[in-house]
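Residues 858 to 1060, numbered by the working numbering, are exactly what the sequence shown covers, in order. Shown next, in structure tokens, is the structure this report addresses.
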Amino acid sequence: MEKVKLAVIYYSQTGTNYQLSQWAAEGAQEAGAEARILKVKELAPQAAIDSNPAWRAHLDNTQNVPEVSLDDLEWADAIIFSMPTRYGNLPAQMKEFLDSTGGLWFHGKLANKVVSGMTSAQNPHGGQEATLLALYTTMYHWGAIIAAPGYTDAVIFGAGGNPYGTSVTANREGIQSDARTAVLHQARRTVTVASWVKQGLQG
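Laid out in structure tokens, this is it:
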């Protein structure tokens, strides 16, 4: 069977979710997948970006990361989304991209994609679980197959124990948990489930 194709699609303001995405791609490649890291388009006004040096620096440092397109969704067997929480919901940048997928959805191109999600906030109860559940609501409409990590490995607890997906607390000092191993596990699990689905669809 050919390799599982994984798109890691992220939105990151100052770098936390970009880091999670890099770890996810690493875990997927360890599991034998082909992985692409892709960012969603920034929608914030330049004045807001320029008022935050960390935001400006992150955008400058990731300007060579390709922006995700609808073609990437068609290409992928599996998708890991990573984004910060916004009031317990998806950031506008991620929501705008998801809202653009109606044509693919209408033609059944998103059905049976294996999907998992990751998120971050500035405090441990900043809406992480609600954000992932909001993401998954859209995925149910796609007909996607959710590959949440659940409690399938003890490493989940090192990142806070969120069964819906790796979620981290991040502040100016960076990520405040042992998230890397949880992300690696989640990525490997997503690739494994995608390989089962891919084999079944081809069988």
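Yeah, the Cβ is synthetic: ideal placement off N, Cα and C, and Gly gets one too.
Buried or exposed by the 16-neighbour rule on C-beta atoms within 10 Å, applied to residue i
i     : result
N1019 : buried
Q938  : One point to set straight first is that residue 938 is Phe, not Gln, in the sequence displayed. Answer is buried; the Cβ neighbour count reaches 16.
M858  : exposed
K898  : exposed
F1014 : exposed
A1011 : exposed
T873  : buried
T1026 : buried
D1035 : exposed
S908  : exposed
D928  : exposed
W932  : exposed
Close beta carbons around residue i, own chain, < 7 Å, minus the five adjacent residues each side
i     : result
G1022 : S973, G974, M975, T976, L989, A1005, P1006 and Q1043
L992  : F938, L947 and G974
Residue i - DSSP class collapsed to helix/strand/coil
i     : result
S1052 : helix
E891  : strand
V1040 : helix
N946  : strand
E924  : strand
N969  : coil
G984  : coil
V1025 : strand
P941  : strand
A991  : helix
A914  : helix
T976  : strand
G1007 : coil
G1018 : coil
Near the ligand FAD: residue i beta-carbon under 8 Å from a heavy atom
i    : result
G872 : The ligand FAD is not part of this structure, which contains no ligands at all.
Other residues of its chain near residue i: CB distance less than 6 Å, five sequence neighbours each side excluded
i     : result
S1052 : V861
A881  : V865, I937, V1040 and A1044
T871  : A911, W912 and H915
Cutoff 8 Å; reference residue i; Cβ partners in own chain excluding five residues on either side
i    : result
Q979 : T1026, A1027 and N1028
P981 : G1017 and T1026
N969 : G1000, A1001, I1002, V1054 and L1058
L967 : L930, T958, L961, W999, G1000 and A1001
(request) For the segment 902 to 920 and the segment 946 to 954, state whether three or more C-beta atom pairs, one from each stretch, are separated by less than 8 Å. (result) No: the two stretches stay apart, fewer than three of their Cβ pairs being nearer than 8 Å.
(message) Measuring CB atoms only, is the segment 938 to 947 touching the segment 861 to 871, in the sense that at least three cross pairs come out at less than 8 Å?
(response) Contact check between the segment 938 to 947 and the segment 861 to 871: three or more CB pairs, one atom from each, fall below 8 Å, which counts as touching.
(message) My parser needs the alpha helix (DSSP H) runs of 4 or more residues fully inside the segment 858 to 907; what are they?
(response) The segment 858 to 907 contains, as complete alpha helix (DSSP H) runs of 4+ residues, the segments 873 to 887 and 903 to 907 (chain order).
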